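Undergrad: Numbering (mature numbering (1 follows the signal peptide of the UniProt record, and there is no 0)), first residue to last: -20 to -1, 1 to 287.
Take a look at this one; I'll ask things after.
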């Protein structure tokens, strides 16, 4: 696995649509003066709209502000393939999907510089790019005269058996009180070591937002089966869900290198702000002056009314 240089991290809302905000998952200010291409790419098996690539260029550490600069006009494609017994990849070039900076009706036809989608989302969404468990995917990017690439796999998803609500409490913020509860995810871990998961959720609070960065996520929730292989898991999310709202929980089964990237990112993002000790992001992107992750998410999901 390739490790990126040390960075300072800050989460940031980047751009807005008329009724929908679109959020990247990360922005990076470099410790050195060399700008880098930042790649945030996703392929999943359930939601074609959430299969996208976001490209931006980081500012040098001493430039004012932390906002990354969107990278437009890149050539971006995702190709499906398989891993052969000799550990080489066989790519089906007929599956190559060219992603473009496209105005989509699902996002109010707003302009999103630096965000690349399958154009079929605008004309034939039922046949837009969607990942298949067991398949490998190759990301290719040509930007500003340079080539970048990454490979990810969609592992077999682990189904969520059920969700339950408990651990009720009152959240007090000044004069404001809000009744909340926590959600527990119940599932059976497969009898194979090395399963890793990321947890996301969607509630009414996010209904006007878009992007994986807009989802609630489990920054503090361990998602490996290193100590619980093959057991029945009952995992309570630390987030407080507002009562009388509906929450959809997404459990993303991921390969270890994707888990390691997001684990390193979450540790960095919670490391006391942008001027804390630099950390190392475990980038999965190949190329010169680049960091980021191509994340293959094998999703299983369930919804529950919080009461």
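By construction, the Cβ of each residue, glycine as well, lies at the ideal position given by its N, Cα and C atoms.
Fair warning: this is a prediction, and the values are worked out from it, not measured in the lab.
Should residue 23 go down as buried or exposed, given a rule of 16 or more other Cβ atoms within 10 Å for buried?
TA: It is buried - the Cβ of residue 23 has at least 16 other Cβ atoms within 10 Å.
Undergrad: Considering only the alpha carbon of each residue, which of 184, 135 and 163 lies closest to residue 62?
TA: Selected option, being the one with the closest Cα: 135.
Undergrad: Taking C-beta to C-beta, are residue 168 and residue 212 nearer than 9 Å?
TA: Contact flag set, yes.
Undergrad: What is the residue span of the beta strand (DSSP E) that residue 161 lies within?
TA: 156 to 168 is the extent of the beta strand (DSSP E) around residue 161.
Undergrad: What's the C-alpha gap between residue 195 and residue 222?
TA: Approximately 15 Å between the Cα atoms of the pair.
Undergrad: DSSP three-state label for residue 107, please.
TA: Looking at residue 107 - three-state DSSP - the assignment turns out to be helix.
Undergrad: From residue 32 to residue 188, what does the alpha carbon distance come to, in whole angstroms?
TA: Distance between the alpha carbons of residue 32 and residue 188: 18 Å.
Undergrad: What span of residues does the beta strand (DSSP E) with residue 282 cover, start to end?
TA: 270 to 285 is the extent of the beta strand (DSSP E) around residue 282.
Undergrad: Check whether the segment 261 to 280 touches the segment 232 to 243, taking contact to mean three or more Cβ pairs, one atom from each stretch, closer than 8 Å.
TA: With a cut-off of 8 Å, the segment 232 to 243 and the segment 261 to 280 count as touching, because enough Cβ pairs lie within range.
Undergrad: Indicate the three-state DSSP secondary structure (helix, strand or coil) for residue 33 in the structure shown.
TA: The answer is strand: DSSP assigns residue 33 an E or B state.
Undergrad: Using DSSP's beta-bridge definition, name the partner residues of residue 150.
TA: BP columns for residue 150 point to 159.
Undergrad: In whole angstroms, what is the alpha-carbon distance linking residue 161 and residue 225?
TA: Residue 161 and residue 225: Cα-Cα distance of roughly 11 Å.
Undergrad: Could you tell me which residues DSSP pairs with residue 95 in its beta bridges?
TA: Paired residues: 34.
Undergrad: Return the chain-ordered list of same chain residues with a C-beta closer than 6 Å to the C-beta of residue 42, the five sequence neighbours on each side being excluded.
TA: Bear in mind that a pLDDT of 48 at residue 42, under 50, signals an unreliable position, so the number given afterwards is only what the model happens to contain. Answer for residue 42: no residue qualifies.
Undergrad: For residue 285, which residues of its own chain have a beta-carbon under 6 Å away from its beta-carbon, when the five flanking residues on both sides are left out?
TA: Closer than 6 Å at the Cβ level, and outside the excluded window around residue 285, lie 226.
Undergrad: Spatial neighbours of residue 268 within its chain, please: C-beta separation below 7 Å, excluding the five flanking residues on both sides.
TA: Here the set comprises 126.
Undergrad: Going straight from the alpha carbon of residue 72 to that of residue 113, what length do you get?
TA: Taking the straight line from one Cα to the other gives about 16 Å.
Undergrad: What are the boundary residues of the alpha helix (DSSP H) that includes residue 133?
TA: Note, residue 133: premise wrong, no alpha helix (DSSP H); beta strand (DSSP E) at 126 to 133.
Undergrad: Pull up the DSSP beta-bridge partners for residue 21, would you.
TA: For residue 21, which the question treats as bridged, DSSP gives the partners 33 and 274.
Undergrad: Could you give the residue range of the alpha helix (DSSP H) that holds residue 238?
TA: Residues 236 to 249.
Undergrad: Among residues of its own chain, excluding the 5 on either side of residue 239, which ones have a beta-carbon nearer than 6 Å to its beta-carbon?
TA: 176.
Undergrad: Between residue 102 and the rest of its own chain, which residues show a CB-CB distance below 8 Å, the 5 nearest in sequence each way excluded?
TA: Around residue 102: 82, 83, 84 and 85.
Undergrad: Between which two residues does the beta strand (DSSP E) containing residue 58 stretch?
TA: Unbroken beta strand (DSSP E) run through residue 58: 55 to 63.
Undergrad: Just how far apart, CA to CA, sit residue 123 and residue 65?
TA: Their backbone Cα atoms lie some 33 Å apart in a straight line.
Undergrad: Pick out whichever of 260, 115, 149 and 220 has its Cα sitting closest to the Cα of residue 244.
TA: Comparing Cα positions, the closest option is 260.
Undergrad: Is it buried or exposed for residue 218, if we count other Cβ within 10 angstroms and need 16 for buried?
TA: So residue 218 ends up on the exposed side.
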